[in-house]
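Undergrad: From first to last, the protein sequence lines stand for chains A, B, C, D and E. In terms of the numbering used here, the first sequence opens at residue 1 and continues consecutively. In terms of the numbering used here, the second sequence opens at residue 231 and continues consecutively. In terms of the numbering used here, the third sequence opens at residue 461 and continues consecutively. In terms of the numbering used here, the fourth sequence opens at residue 762 and continues consecutively. In terms of the numbering used here, the fifth sequence opens at residue 1110 and continues consecutively. Note that CB positions come from ideal geometry on N, CA and C, so glycine has one too. The structure's right below; bear with me while I get my questions together.
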Amino acid sequence: MVSAILEGLVKALELIASGDPTLVDITLRSLAISGLATILASCWSIPLGVFIGLGKFRGRSLFKGLFNVLLGLPTVTLGLVLYLVFSRSGPLGFLQLLYTPSVIVIGQAILITPVIVSFVANTLEAVDPEIRSLALTLGASEVRASLTVLNESLNGVLLAVTASFNRAIAELGVALMLGGNIRGATRVLTTTIALETNRGQIALGIAMAVVLLSIVGLVNILVSQARRWI
Amino acid sequence: MVSAILEGLVKALELIASGDPTLVDITLRSLAISGLATILASCWSIPLGVFIGLGKFRGRSLFKGLFNVLLGLPTVTLGLVLYLVFSRSGPLGFLQLLYTPSVIVIGQAILITPVIVSFVANTLEAVDPEIRSLALTLGASEVRASLTVLNESLNGVLLAVTASFNRAIAELGVALMLGGNIRGATRVLTTTIALETNRGQIALGIAMAVVLLSIVGLVNILVSQARRWI
Amino acid sequence: QSMGPNEPHNLVVSTTTSLYDTGVLDQIEEAFEAKNQIDLYFISVGTGLAITHAQRGDADMILVHAPSRELAFMEDGYGVNRKIIAFNYFAIVGPGDDPAGIREKSPLEALEILVGKARGGDAIWVSRGDDSGTHTKEKGLWAQAGFEVSALREEDWYREAGSGMGKTLQIAEEYEAYTLTDMGTYLKYSEEGLVTLEVLVGAGEELINIYSAIAVNPDSNPDADFDAAITFIEYLVSDEGQTILREYGVDIYGRSLFNPVVELLKTGSDPTTAEWIEAAGFFDGTECPQEYRKGEYGLYN
Amino acid sequence: MIELAGVSKIYNGIEALKNINLKVERGEILTILGPNGSGKTTLLKILGALEMPTEGFILSNGVRVDEGNAEETRRTTTLVFQRAVLLRGTVRDNVAYGLRIRNLAGPEIEKRVKAALSLVGLEDLADRPSKGLSGGEQQRCSLARALVLECNLLLLDEPTANLDPESMIIIKQVIKRLSERGVTIVLATHDLKQAQELSERILLLDGGEIVESGRPDDLFLGQSSDMARFTRSENFFSGESRVLEGVARINIGGGVEIHGALSRGGPVNIHVRPEDIIVSNERIVSSARNNLLGSIFRIEDHNSIIRIKVDVGVVFTVQITRRSFEEMGLNVGQEVYLTFKASSVMLL
Amino acid sequence: MIELAGVSKIYNGIEALKNINLKVERGEILTILGPNGSGKTTLLKILGALEMPTEGFILSNGVRVDEGNAEETRRTTTLVFQRAVLLRGTVRDNVAYGLRIRNLAGPEIEKRVKAALSLVGLEDLADRPSKGLSGGEQQRCSLARALVLECNLLLLDEPTANLDPESMIIIKQVIKRLSERGVTIVLATHDLKQAQELSERILLLDGGEIVESGRPDDLFLGQSSDMARFTRSENFFSGESRVLEGVARINIGGGVEIHGALSRGGPVNIHVRPEDIIVSNERIVSSARNNLLGSIFRIEDHNSIIRIKVDVGVVFTVQITRRSFEEMGLNVGQEVYLTFKASSVMLL
Ligand SMILES: Nc1ncnc2c1ncn2[C@@H]1O[C@H](COP(=O)(O)OP(=O)(O)OP(=O)(O)O)[C@@H](O)[C@H]1O
Ligand SMILES: Nc1ncnc2c1ncn2[C@@H]1O[C@H](COP(=O)(O)OP(=O)(O)OP(=O)(O)O)[C@@H](O)[C@H]1O
Ligand SMILES: [Mg+2]
Ligand SMILES: [Mg+2]
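Next up, the structure:
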């Protein structure tokens, strides 16, 4: 039965080699959705992580704990809650975003927010606190000093961001509940994998997973190359 | 209609207050499975993380990249692959572990391995390299020196471990594919949430999610308290 | 959705997983979209969630196979214009050596024997346990056979998978157990070599599985694309739709997965089956009682 | 230009500074001396508006500094840390940091960075990554990074630690030159020679308090006991004391026994002020209990005062007036007697 | 006891050490001097088996050290880093670390830690978390952490930087005492006085090479040009040179112009060896082009040699024999003429 795995590998190669248009479509959609979600989430999560990691306010550890806990939010639940919010009879139903790629972007962005926040905060805490003082004494504003600290721990921040991308592209619950796995519209790699698996098309499911992992691998390699240039 | 969420919260409180035996059963099982998985995974992942984080061998960055990529392994796929391995006709079928809690423990342990490895490796890389030299010059063996570095970055390591526990207890794919969500045997919090959601029992699904998050919160608080004593 | 007349409409169809997973809807979608300016959006979920979607206005119609719940859905004012589109049979499957000895028995008799054997430790039953159409059917069967499901649940041999059909089959396979399955999923899994369970009881009135389409009531949800829903239902019961349903899977499985129903009910070509369908899937002698019909679409002529 | 009023600083219950009152004038070079942990670094951090006092306040050009306006103060003030902290990137990146923040034009930055690097002798290392630098190179990089900013107030925390002699001289010259140009400089150091040569005013901290303050010569020559205790430079001895008939006989090594009016036995630390010792060519017969013979091996001219180092087995420093020095015709290599009273022996 | 043969060390293309041959004997105190970046730290790291040479090898008690047996060497050797690195936990935890590793019994650890802490004067801070320590306290903690191990080979990288004068004296005493007990000590420092007082042998590194090596007095008094250039201690001047008729006239400040046999104009650094200057009571008429009048303000006796500092506007150091010193009857405050040839002016 492990032959199914091998079969899946072979099939994956075939699919990739043949440039199967459905596969290309789904893959590009996955990339676009999770990439956007990662960018979107970074926009608010990195500043938030910096705030929590470097700030000196009351309740900081509580705040940090909260995001740690949110790491444990199951994707189905998040999918469900957001479904209720974006459903036509929900508070944001008027936006008519349900079953569109946009809402998956939003959902995944929310999903990965605690990942980025937690890890950025933690990475920053590990940076020599003197770095911040140094930046300040050289005339940096508080914000600029935070950016400097961030820059010192760029490796950690990049890891947080790529890990969150990996998490986003690999998650199923949100994509399924909010996107609905609609063929040609919101079908992404994970929903396809789940579908094929449910359909008993195990080799195909594995093939898609191989594609997914290749994509993730490629993105990670690109990022780590880009890192060298920073 | 966000009232469903409120309803879920109320229901969660009711369920918790009433000490519903099924709920207690499922919750304890979730805790035990994911807790064991975390402990198990830590046993091999922390040393591996140390090895990758501090080692100076060829292909280190490749190795590290691999684990980063594995962060992006969808749980369904992992579940599927392991299903093929543990199913009766699979290579480990003779163990008769499929649809038992043990196999979920194994599956989740594998799932979170890259989480721990990646983050431990990264945390260790961020530690002042002089710490290792210091330990060596004070007479520490290579292993002892690595432990000292680990100890210096205990915060990061603990975060990696709790994050991986959070991930394990929140994941669905492995629990469903390997455990089968069998009532009274392998049903855990996430599979229950998915079941109730699919049944359209939204409030109940949310209630279970609230329970899950409370558990995660509790565990995280306990760990961070314990951290003070180290 | 308010779209211009020439732009394609999105028609959101919440469908039960076991139907969607057969793949038949993909083929129907292609054929239908080629003819209509309507873009079909199939959302494949559990029966309960499919109904929730429709209730909350997130689907324009549903495809399900749980007549009792369909009636409740319409009674609550959420659905109208129900139309039976196809049928097939559930099957009781089990290990080839059939330790309980139920092969070829009638469904209810088979269940009775099975309980006896199971209580003696010779058989295991795996229930889907997820309130799906199949699960609803199973519960009905137990009741018909004179058992209280709530009591059976507590017995050791009665296992609840709480999962989809495919997973349930896999669990049954692992336990060498019996289970109730829809034909489409079973054939797929069997064909793929994922299960070696055999059909032991595969026909009989009690096992009939009726698929129907219900449009969302525009009174409950004015935004629902009612016209498009009716267009699609009409297509499903059209000759073309029925043909696709009949022919789907023949090339793969050597037999059809679904039986067309329109012809059968209209012409009375197979009175026994028609009778079974009416008994299991009609309410007050009709697919859709008058009060749950809306508009003049000639669906019920 | 900057003033501290009643400043205290407490870190987790540790009182690093206690009630400091201090005024630093434009263009002066103020040196802070003090034992380890006496609060020098803390004082500099407060002057640099990097830490806020727990009590009291700072006035910068008459304006009270608080969290809100600290940034302004920091724009015209810079602190070189005791322990060099370098940012990622090259030496050049590090030195350019403060200028980039100030949005200077590229060529201007380049010019100033180059000048600063050549000042500290790091021009060849400009493109080296900061991580592999040697200790002194790090220190010089961090000095250059501060100098390039041309701030009004330059705070230096042990700027010459880890520097080689040449760099040390250069940095001293740079400090002098900056001060002449009106830059105010406050520096903490353990290099007493540097403190004496460089500064216009010295502050001696101990236990977070200012225990002494004044011009270098006043502090170093007319040594107060605080200063003397701190510098340990002259006539400090450790030894075993035996008390016999109310007089302590203290063996301070080198075959020398000193008589002191002390009642403590066992190990003691003692001090004799250079001013309290009488030098003579002949042995003096008097009530003074200590009478030691030794040879002069160094003579230092401090205008009206002459300081002589005499080796009697251990080295004593003696301070006499130029007049007696000339009258006695003392010179190196000459044998002399040192005489002092038991009551001049102070216990530390 | 430890020997380096043909050792080179290259970091990312940077040659930190070049072909070092060195033998360190049991119980000796060897001081390494050298400008920043000359390889002192690198040499210590190699002696401590923390870094392996890129080329050449180390013999520890005759056994070649490699990755495999480095741990053994490290058990009996310890290095105090130039930049103190402290572990989490308290000062006490830090000092106990090495003993814990060696699985010593609890009471034994406690006893030794206490002794080590009181040696460096940190007994009161034993339970302080290591993170909040002042610079000097960190340095002392890291010294105590090494001393407590009682290793055979103690490597110290600028052990007295950041220390206050009292601690500095204590550490010097500790080093002396350890050496008497047979501990081998190699230390890198920029404190020339300390090097001169403490060490039995000095090594001068420059650009990764040993450029000078010998007993302190030989190096400091009979200064070789390498040593002189490094220490910059005496008769080093910077000034503007104008070349007129083949002779450079160099204005070195203080109203002093020196004539040198140089052909370089513009800013120059020059050096005159103290041995090359003649002292006289009367003005000497001779071919020597430099003739300066000044007054003696310090005289130092170094047995057969006397060193005199004369202020002629700038300070010159002159070295003469005891005999001429006595014959001339020189003394502080006295006016003398300094005479030296243009060819004695060396360009750096
Ligand atoms: N890890 C490293 N990577 C790159 N270059 C290094 C590294 N360590 C040292 N170097 C370089 O090697 C040379 C010698 O460095 P080393 O630290 O031994 O000097 P040092 O004599 O101790 O200087 P200092 O007096 O400043 O402490 C320097 O040029 C330094 O920049
Ligand atoms: N962040 C901190 N947390 C706790 N204690 C601190 C902190 N910073 C300084 N201290 C303590 O305050 C006192 C003064 O420290 P400070 O660094 O100002 O001393 P210093 O005079 O600079 O000493 P050194 O000569 O060793 O550099 C010390 O006892 C030190 O341990
Ligand atoms: Mg300090
Ligand atoms: Mg060094």
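Could you give the first and the last residue of the continuous beta strand (DSSP E) run that contains residue 521 (chain C)?
TA: Position 61 of the third sequence holds residue 521 (chain C). 521-524 is the span of the beta strand (DSSP E), which, as asked, contains residue 521 (chain C).
Undergrad: Determine the chain B residues that contact residue 1184 (chain E) at a beta-carbon separation under 7 Å, and present them in chain order.
TA: As a position in the fifth sequence, residue 1184 (chain E) is number 75, starting the count at 1. Here the neighbours are 369.
Undergrad: Please determine, among C:665, C:591 and C:554, the residue with the shortest C-alpha to C-alpha distance to residue 731 (chain C).
TA: As a position in the third sequence, residue 731 (chain C) is number 271, starting the count at 1. It is C:665.
Undergrad: Give the range of the alpha helix (DSSP H) segment to which residue 149 (chain A) is assigned.
TA: Against the first sequence, residue 149 (chain A) aligns to sequence position 149. Element bounds for residue 149 (chain A): 142-152.
Undergrad: Flag residue 262 (chain B) as yes when its Cβ comes closer than 7 Å to any non-hydrogen atom of ligand 6, and as no otherwise.
TA: Absence of ligand 6 from the depicted structure is noted, with ligand 1, ligand 2, ligand 3 and ligand 4 being the only ligands included.
Undergrad: Taking CB distances under 8 Å as the criterion, tell me whether residue 898 (chain D) reaches chain A.
TA: In the fourth sequence, counting from the first residue as 1, residue 898 (chain D) sits at position 137. Cβ-Cβ to chain A under 8 Å: no for residue 898 (chain D).
Undergrad: So what does residue 1027 (chain D) bridge to, in DSSP terms?
TA: Within the fourth sequence, residue 1027 (chain D) is the residue found at index 266, counting from 1. In DSSP, residue 1027 (chain D) forms a bridge with D:1002.
Undergrad: Using three-state DSSP, classify residue 461 (chain C) as helix, strand or coil.
TA: Residue numbering aside, residue 461 (chain C) sits at position 1 when the third sequence is read from its first letter. Because the pLDDT at residue 461 (chain C) is just 39, under 50, the model does not fix this residue reliably, and the value given afterwards should be weighed accordingly. Residue 461 (chain C): coil per DSSP, three-state reduction.
Undergrad: Is the separation between the beta-carbon of residue 852 (chain D) and that of residue 891 (chain D) shorter than 8 Å?
TA: Here residue 852 (chain D) refers to the residue found at position 91 of the fourth sequence. Here residue 891 (chain D) refers to the residue found at position 130 of the fourth sequence. The answer is yes: Cβ separation under 8 Å.
Undergrad: Apart from the five residues on each side of it in sequence, which residues of its chain come closer than 8 Å, Cβ to Cβ, to residue 1024 (chain D)?
TA: Translated into the one-based positions of the fourth sequence, residue 1024 (chain D) becomes position 263. Closer than 8 Å at the Cβ level, and outside the excluded window around residue 1024 (chain D), lie 1004, 1007 and 1009.
Undergrad: Going by beta carbon distance, what residues of the same chain come within less than 8 Å of residue 236 (chain B), once the five residues before and after it are set aside?
TA: Residue numbering aside, residue 236 (chain B) sits at position 6 when the second sequence is read from its first letter. Excluding residues within five positions, none has a Cβ falling inside 8 Å.
Undergrad: State buried or exposed for residue 244 (chain B), treating a residue as buried only when at least 16 other CB atoms are found within 10 Å of its CB.
TA: One-based indexing of the second sequence puts residue 244 (chain B) at position 14. Exposed is the call here.
Undergrad: I think residue 944 (chain D) touches residue 809 (chain D), with their Cβ atoms under 8 Å apart; what is that distance to the nearest whole Å?
TA: As a first step, residue 944 (chain D) is located in the fourth sequence; it is residue number 183 there, counting from the start. As a first step, residue 809 (chain D) is located in the fourth sequence; it is residue number 48 there, counting from the start. 14 Å between Cβ atoms; not a contact.
Undergrad: So with CB distances below 7 Å, who are the chain B contacts of residue 1194 (chain E)?
TA: Your numbering for residue 1194 (chain E) matches position 85 in the fifth sequence. Under the 7 Å cutoff, chain B gives 358, 360, 361 and 364.
Undergrad: When you compare each of C:546, C:496, C:497 and C:520 to residue 801 (chain C) by their alpha carbons, which one comes out closest?
TA: Residue 801 (chain C) falls outside the range modelled here, since chain C spans only 461 to 761, and no answer is possible.
Undergrad: In whole angstroms, what is the alpha-carbon distance linking residue 543 (chain C) and residue 389 (chain B)?
TA: For the purposes of this step, residue 543 (chain C) is taken as the residue at position 83 of the third sequence. For the purposes of this step, residue 389 (chain B) is taken as the residue at position 159 of the second sequence. Distance between the alpha carbons of residue 543 (chain C) and residue 389 (chain B): 56 Å.
Undergrad: Output, in chain order, the set of chain A residues within a Cβ distance shorter than 7 Å of residue 840 (chain D).
TA: For the purposes of this step, residue 840 (chain D) is taken as residue 79 along the fourth sequence, with counting starting at 1. 137, listed in chain order.
Undergrad: Closer than 8 Å between beta carbons: that is the criterion. Which residues of the segment 916-935 of chain D meet it against chain E?
TA: Per Cβ criterion, the list reads 918, 919, 922, 923, 924, 925, 926, 927, 928, 929 and 930.
Undergrad: Can you give me the Cβ contacts of residue 1322 (chain E) inside the same chain, cut-off strictly under 6 Å, excluding the 5 residues immediately before and after it?
TA: Position 213 of the fifth sequence, counted from the first residue, corresponds to residue 1322 (chain E). So the qualifying residues of the chain are 1312.
Undergrad: Quick one, which residues of the segment 43-55 of chain A are near chain C if we go by CB-CB under 8 Å, in chain order?
TA: Listed by position along the chain: nothing, the set is empty.
Undergrad: Kindly list, in the order they appear in chain D, the residues whose Cβ is closer than 8 Å to that of residue 144 (chain A).
TA: The residue given as residue 144 (chain A) occupies position 144 in the first sequence. Simply 862.
Undergrad: Taking DSSP as the reference, what is the three-state secondary structure of residue 870 (chain D)?
TA: Within the fourth sequence, numbered from 1, the residue matching residue 870 (chain D) stands at position 109. Residue state, collapsed to three classes: helix.
Undergrad: Please list the partners that residue 382 (chain B) has in chain E, where partner means a Cβ-to-Cβ separation under 7 Å.
TA: Along the second sequence, read from residue 1 onward, the residue named residue 382 (chain B) stands at position 152. Simply 1196 and 1197.
Undergrad: Which same chain residues end up closer than 7 Å to residue 465 (chain C) when comparing Cβ atoms and leaving out the 5 residues on each side of it in sequence?
TA: Translated into positions along the third sequence, residue 465 (chain C) becomes position 5. Residue placement at residue 465 (chain C) is flagged as unreliable, the pLDDT there being 43, under the threshold of 50; the coordinate-derived value follows with that caveat. No residues qualify anywhere along the chain.
Undergrad: Using the C-alpha atoms, what's the distance from residue 520 (chain C) back to residue 463 (chain C)?
TA: The residue given as residue 463 (chain C) occupies position 3 in the third sequence. The residue given as residue 520 (chain C) occupies position 60 in the third sequence. Note that residue 463 (chain C) scores 40 on pLDDT, short of 50, meaning its location in the model is unreliable; the coordinates nonetheless yield the value given after this. Looking at the two C-alpha atoms, the distance is approximately 15 Å.
Undergrad: Give a single yes or no on whether residue 1111 (chain D) has its beta carbon closer than 7 Å to a heavy atom of ligand 4.
TA: Residue coverage of chain D in this structure runs from 762 to 1109, which leaves residue 1111 (chain D) outside it and unanswerable.
Undergrad: By the 9 Å beta-carbon criterion, what residues does the segment 793-811 of chain D contribute toward chain A?
TA: Of all residues in the segment 793-811 of chain D, 806, 809, 810 and 811 have a Cβ within less than 9 Å of some Cβ in chain A.
Undergrad: Measure the C-alpha to C-alpha separation of residue 97 (chain A) and residue 88 (chain A) and round it to an integer number of angstroms.
TA: In the first sequence, counting from the first residue as 1, residue 97 (chain A) sits at position 97. In the first sequence, counting from the first residue as 1, residue 88 (chain A) sits at position 88. Using only the alpha carbons, I get a separation of about 9 Å.
Undergrad: Does the Cβ of residue 1022 (chain D) lie closer than 7 Å to at least one heavy atom of ligand 2?
TA: In the fourth sequence, residue 1022 (chain D) corresponds to position 261, counting from 1. Incorrect: residue 1022 (chain D) has no Cβ contact closer than 7 Å to ligand 2.
Undergrad: With a 10 Å radius around its C-beta and 16 neighbouring C-beta atoms as the bar for buried, classify residue 43 (chain A) as buried or exposed.
TA: Numbered from its first residue, the first sequence carries residue 43 (chain A) at position 43. Result: exposed.
Undergrad: Whose beta carbon lies closer than 7 Å to any heavy atom of ligand 4, going through the chain in order?
TA: Taking each Cβ in turn, the ones that pass are D:895, D:896, D:897, E:1149, E:1150, E:1191, E:1266, E:1267 and E:1297.
Undergrad: Going by other Cβ atoms of all chains shown within 10 Å of its Cβ, with 16 needed for buried, is residue 57 (chain A) buried or exposed?
TA: Locating residue 57 (chain A) in the first sequence gives position 57, where the first residue counts as 1. With fewer than 16 other Cβ atoms within 10 Å, it is exposed.
Undergrad: Using DSSP's beta-bridge definition, name the partner residues of residue 3 (chain A).
TA: Within the first sequence, numbered from 1, the residue matching residue 3 (chain A) stands at position 3. Beta-bridge pairing links residue 3 (chain A) to no other residue.
Undergrad: List the residues of chain C that residue 214 (chain A) touches, going by C-beta distances under 9 Å, in chain order.
TA: As a first step, residue 214 (chain A) is located in the first sequence; it is residue number 214 there, counting from the start. Under the 9 Å cutoff, chain C gives no residues; its nearest Cβ is about 24 Å from residue 214 (chain A).
Undergrad: Less than 7 Å between the CB of residue 925 (chain D) and some heavy atom of ligand 1, yes or no?
TA: Position 164 of the fourth sequence, counted from the start, is the residue given in the question as residue 925 (chain D). It does: the Cβ of residue 925 (chain D) is within 7 Å (strictly closer) of some heavy atom of ligand 1.
Undergrad: Shorter than 7 Å, the distance from the beta carbon of residue 772 (chain D) to the closest heavy atom of ligand 2, or not?
TA: Residue numbering aside, residue 772 (chain D) sits at position 11 when the fourth sequence is read from its first letter. Yes.
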